[in-house]
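Everything on this sheet refers to the single structure shown next.
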Amino acid sequence: MDKLKIANKTFESRLLIGTGKFSSNQTMARAVEVSGTQIVTVALRRVDIANENDDMLAAIDRKKYLLLTNTSGARDAEEAVRLARLSRAATGIEWLKLEVTPDPYYLLPDPAETLKAAEILVKEGFVVLPYINADPVLAKRLEDVGTATVMPLASPIGSNQGIQTRASLEIIIEQSAVPVVVDAGLGLPSHAADAIEMGADAVLVNTAIATAKDPVKMAQAFKLAVEAAELAKDAQPREKIKAASASSPLTGFLRD
Amino acid sequence: MIQRVSFSEIIKQKGLDREWDIRRQKLDHIRPEDVERAIYERPGRYSTEKLAALISPAARDYLEQMAQAAAELTIQRFGKTITLYAPVYISSYCCNECLYCGFNRGNKIQRCRLSIGEVLKDADVIAKEGFRDILLVSSEDREFVTTDYIAKLSKKLREKFSSIAIEIYQLSRDEYAELFKAGVNGVTLYQETYNREVYRRYHRSGPKADYEKRLRGPEDIAAAGMREIGLGALLGLGDWRIETLGLAEHADYLMKHFWKSRVSFSFPRLRPAQDMDSGQFQMLTDTDLVQMMLALRLCFADAGLVLSTRESQQLRDRLVGLGITKISAGSKTNPGGYTDGTDTLEQFEVADTRMAADVAEALREKGYEPVWKDWDSAYTKI
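Following this line, the structure appears as structure tokens:
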């Protein structure tokens, strides 16, 4: 099976994990471990990135996981770029999940500011993974400025609604030359499998795992679902076809 | 360009600033079936009718159902986390005459004001306890606690704190903008009461006595760019049910017109202060308080719900599971309270006197992660 490749790195797992909303850092660490993920995202607002003893950072083994810092809460490109620079200066980590989310309620990404920030950060050498609405043109624009992936949302973040942006996601997956990571709104393992079956390269899950009654078990469920979908893709399923028709109303007269 | 209507106009149109008796009668006529519908109607979204049903006397029989729905929403939106903050009191000198307040200018009390250096000492104490989220509190001491004073202080505090909010006397839009540039990211400004007449009765003199001006405050705060706007009514002045309707309209207005700022609600319940005759107030029972919190959560899924140490340890520990997202801990409510052993008068009597570490431990035992940092000073450029 093909492996997930983002920028210059190859990953065994197509599941990325977010670290918010867990009831304890220990639970988060166990869920991360069980999920088999290799990429873990943390909000710069939530951690003291320069401090290795930060309660959340200390729970993530950086030898095992690629730490993907994110700029959640940034109102505009300027704020996101500033956060990114400070984070890189403190940690040396160049990978960045770019989030420009001026609306504090649905945390929907601002397309104009995201593109602006991506352009600046790519030029400065960051590996940029931008969180976007499922907008195919924006996805291509970001690819053009050199982002490592695009990360379109399946539905509003934390909503557990599954894939509500299907028509646009299909176009993004069809047109994209960089990996497509479906992010936000995946509420069940079947939603994650759905995304991979559609052709997404990876998925990012946080709320569905963190707020489950048993987050560790749910992390495992997502791992299995993503693997199952990957395997199914490799097995090359037949296309869905409309119900077969037994009679041939147009050609039934042919007897010879 | 379409002119924005001010909230002052809205509250008049909705008739929430006066004639509360009529409002109350309407609430008394709400039926159980209205409440049942409201609990599950568009979870976490607001409408006046929905909120009215949830705060109605009829909803009293549905508190358990409301609590379960509110807890579910809160966990979905915030997870099992509680943000911790600490207040630092700067000055108890005041030019206002608010009948419910210990710092009322007419009260013969020993007053205190801290220099920037002294505030930093208090701040050091709470930073060592683990706090990264600080709230600066001051009464209306304009000559001493100037905008410039807060700006200077804020620039210093940024070295140790990731979030700096203020709960001081009302400033102008330009002054708020100046403080935003100095690193202040949140402002709490309570209307105290949305009832014009009640407001006049309790605010006898001083700059704060102007109801209309007070009402404009949150708009100015948001327009100045602040990220967090804390709203609240001083619970006990007027009928809490109608206060809640006013608060919700205010929040809804701010969310629509200033979509980049986040609104949070606080629940300051009147507690005994010096020289205060508690008989004249409409004190809220614990059940009233819980109903109000649940109703707001069911209408505003993403709003912060904030609780101070005015409330007892027992109640706070219970409320955490019902929708509260942020609490203070280990608070001193007198200027210099963290470093100075002397007893200057507190603004209100602290009911939960546990140390911050103990509060954090109690949260963990309850299955909640105490969050010390949920913002970063790097969001603001200085």
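From first to last, the protein sequence lines stand for chains A and B. Going by our numbering, the residue at position 231 of the first sequence is 231; the numbering climbs one at a time, nothing skipped. Every number in our numbering is 1000 more than the matching position in the second sequence, counting from 1. Ideal placement from N, C-alpha and C gives every residue a C-beta, glycine not left out. Treat the numbers as computed from the prediction; the structure is a model and nothing was measured.
Original post:
In chain order, which alpha helix (DSSP H) runs of at least 4 residues are fully inside the segment 1180 to 1215 of chain B?
Top reply: Entirely contained in the segment 1180 to 1215 of chain B, the alpha helix (DSSP H) runs reaching 4 residues are, in chain order, 1196 to 1202.
Original post:
From glutamate 1192 (chain B) to leucine 1016 (chain B), what does the alpha carbon distance come to, in whole angstroms?
Top reply: When only Cα atoms are considered, glutamate 1192 (chain B) and leucine 1016 (chain B) end up about 14 Å apart.
Original post:
Can you find at least 3 beta carbon pairs, one from the segment 1287 to 1303 of chain B and one from the segment 1042 to 1061 of chain B, that sit closer than 8 Å?
Top reply: The segment 1287 to 1303 of chain B is in contact with the segment 1042 to 1061 of chain B.
Subject >> 9 Å Cβ cut-off: residues of chain A touching tyrosine 1368 (chain B) >> reply: Here the neighbours are Ser23, Ser24.
Subject >> Residues near alanine 1182 (chain B) by beta carbon distance below 6 Å, same chain, minus five either side >> reply: Shown here for alanine 1182 (chain B): same chain residues with a beta carbon closer than 6 Å to its own, the five before and five after excluded, namely Ala1151, Ser1154, Lys1155 in chain order.
Original post:
Are the CB atoms of tryptophan 1375 (chain B) and asparagine 1185 (chain B) nearer to each other than 8 Å?
Top reply: Annotated as proximal: tryptophan 1375 (chain B) and asparagine 1185 (chain B), with beta-carbon spacing under 8 Å.
Original post:
Are the C-beta of phenylalanine 1078 (chain B) and some C-beta of chain A separated by less than 8 Å?
Top reply: For phenylalanine 1078 (chain B), the nearest CB of chain A lies under 8 Å from its own CB, placing it at the interface with that chain.
**OP:** Taking only runs that begin and end inside the segment 1072 to 1140 of chain B, name each unbroken beta strand (DSSP E) of 3 or more residues, in chain order.
**Re:** Counting only runs of 3 or more, we get 1081 to 1091, 1133 to 1138.
Original post:
Is there a Cβ from chain A that is less than 8 Å from the Cβ of lysine 1160 (chain B)?
Top reply: Any Cβ of chain A closer than 8 Å to the Cβ of lysine 1160 (chain B) would place that residue at the interface, and such an atom is absent.
Original post:
Do you know how far the Cα of cysteine 1101 (chain B) is from the Cα of aspartate 1275 (chain B)?
Top reply: Confidence at aspartate 1275 (chain B) is low in this model, with a pLDDT of 49, below 50, so the placement of that residue should be treated as unreliable; the coordinate-derived value is given next. Those two C-alpha atoms are separated by around 9 Å.
Original post:
In this structure, does DSSP put phenylalanine 1007 (chain B) in helix, strand or coil?
Top reply: The DSSP-derived three-state label of phenylalanine 1007 (chain B) is helix.
**OP:** Return the first residue and the last residue of the beta strand (DSSP E) that valine 205 (chain A) is part of.
**Re:** Valine 205 (chain A) -> beta strand (DSSP E) spans 202 to 205.
Subject >> Contact with chain A by aspartate 1275 (chain B), beta-carbon distance below 8 Å >> reply: Only weak support is given to the placement of aspartate 1275 (chain B): the predicted model assigns it a pLDDT of 49, under 50, and the value that follows is read from those uncertain coordinates. Interface residue (Cβ-Cβ distance to chain A less than 8 Å): aspartate 1275 (chain B) is not classified as such.
**OP:** Closer than 6 Å by C-beta to glycine 1225 (chain B): which residues in its own chain qualify, once you throw out the five before and the five after it? Chain order, please.
**Re:** Within the same chain, glycine 1225 (chain B) has close Cβ partners Phe1180.
**OP:** Kindly indicate if chain B contains any beta-carbon less than 8 Å away from that of aspartate 214 (chain A).
**Re:** Put simply, the CB of aspartate 214 (chain A) is far from chain B, with every gap to its CB atoms at 8 Å or more.
Original post:
What residues in the segment 71 to 104 of chain A have a beta carbon less than 8 Å from any beta carbon of chain B?
Top reply: Within the segment 71 to 104 of chain A, contact with chain B at the beta-carbon level (separation under 8 Å) is assigned to Gly73, Ala74, Arg75, Glu78, Glu79, Arg82, Leu83, Leu86, Pro102, Asp103, Pro104.
Subject >> CA-to-CA distance, serine 1266 (chain B) to asparagine 1096 (chain B), given in whole angstroms >> reply: Rounded to the nearest whole angstrom, the C-alpha separation of asparagine 1096 (chain B) and serine 1266 (chain B) is 22 Å.
Original post:
Counting pairs of Cβ atoms below 8 Å between the segment 47 to 55 of chain A and the segment 85 to 93 of chain A, do you hit three or more?
Top reply: Segments in contact, yes.
**OP:** Helix, strand or coil for tyrosine 1062 (chain B), going by three-state DSSP, please let me know.
**Re:** In this structure, DSSP gives tyrosine 1062 (chain B) a helical state, which the three-state scheme calls helix.
Subject >> Close Cβ partners of isoleucine 6 (chain A) (< 7 Å) along its chain, the five nearest in sequence each way excluded >> reply: Ala148, Thr149, Pro179, listed in sequence order.
Original post:
Counting along the chain, where does the alpha helix (DSSP H) carrying tryptophan 95 (chain A) start and finish?
Top reply: Careful: tryptophan 95 (chain A) lies outside any alpha helix (DSSP H), inside the beta strand (DSSP E) at 95 to 98.
**OP:** Determine, using beta carbons only, whether isoleucine 1075 (chain B) comes closer than 8 Å to chain A.
**Re:** Output row for isoleucine 1075 (chain B): interface = yes.
Original post:
Exposed or buried, what is methionine 1355 (chain B) when buried is set at 16 or more other beta-carbons lying within 10 Å of its beta-carbon?
Top reply: Around the beta-carbon of methionine 1355 (chain B), fewer than 16 other beta-carbon atoms lie within 10 Å, marking it exposed.
Original post:
Helix, strand or coil: how does DSSP classify glycine 146 (chain A) here?
Top reply: Glycine 146 (chain A): coil per DSSP, three-state reduction.
Original post:
Does the separation of the CB atoms of lysine 1050 (chain B) and glutamate 1041 (chain B) fall below 8 Å?
Top reply: Using a Cβ distance threshold of 8 Å, lysine 1050 (chain B) and glutamate 1041 (chain B) count as a contacting pair.
**OP:** Tell me the start and end of each unbroken beta strand (DSSP E) in the segment 1295 to 1334 of chain B that is at least 3 residues and wholly inside, in chain order.
**Re:** Counting only runs of 3 or more, we get 1304 to 1307, 1326 to 1328.
**OP:** Count the C-beta pairs between the segment 1127 to 1139 of chain B and the segment 1087 to 1096 of chain B that are closer than 8 Å, then say yes if the count reaches three, no if not.
**Re:** Touching, yes, given that three or more Cβ pairs across the two stretches are closer than 8 Å.
**OP:** Over the uninterrupted beta strand (DSSP E) stretch that includes glycine 18 (chain A), give me the two end residues.
**Re:** Membership of glycine 18 (chain A) in the beta strand (DSSP E) is indicated by the continuous run 15 to 18.
Original post:
In three-state DSSP terms, what is alanine 1233 (chain B)?
Top reply: It is a strand residue.
Original post:
In chain A, what lies closer than 8 Å to threonine 1287 (chain B) by C-beta?
Top reply: In chain order: nothing, as chain A lies at least about 28 Å away.
Original post:
Pick from A:Glu239, A:Ala134, A:Met28: whose alpha carbon is nearest that of alanine 167 (chain A)?
Top reply: Selected option, being the one with the closest Cα: A:Ala134.
Subject >> Whole-number beta carbon distance between leucine 1234 (chain B) and proline 1268 (chain B), since they are thought to touch under 8 Å >> reply: Proline 1268 (chain B) to leucine 1234 (chain B), Cβ: 5 Å. Contact.
**OP:** Put valine 1350 (chain B) into one of helix, strand or coil per three-state DSSP.
**Re:** Judged by DSSP in its simplified three-state form, valine 1350 (chain B) adopts coil rather than helix or strand.
Original post:
DSSP on valine 1263 (chain B), reduced to helix/strand/coil?
Top reply: Strand.
Original post:
For lysine 5 (chain A), which beta-bridge partners are listed by DSSP?
Top reply: Listed as beta-bridge partners of lysine 5 (chain A) by DSSP are A:Thr10.
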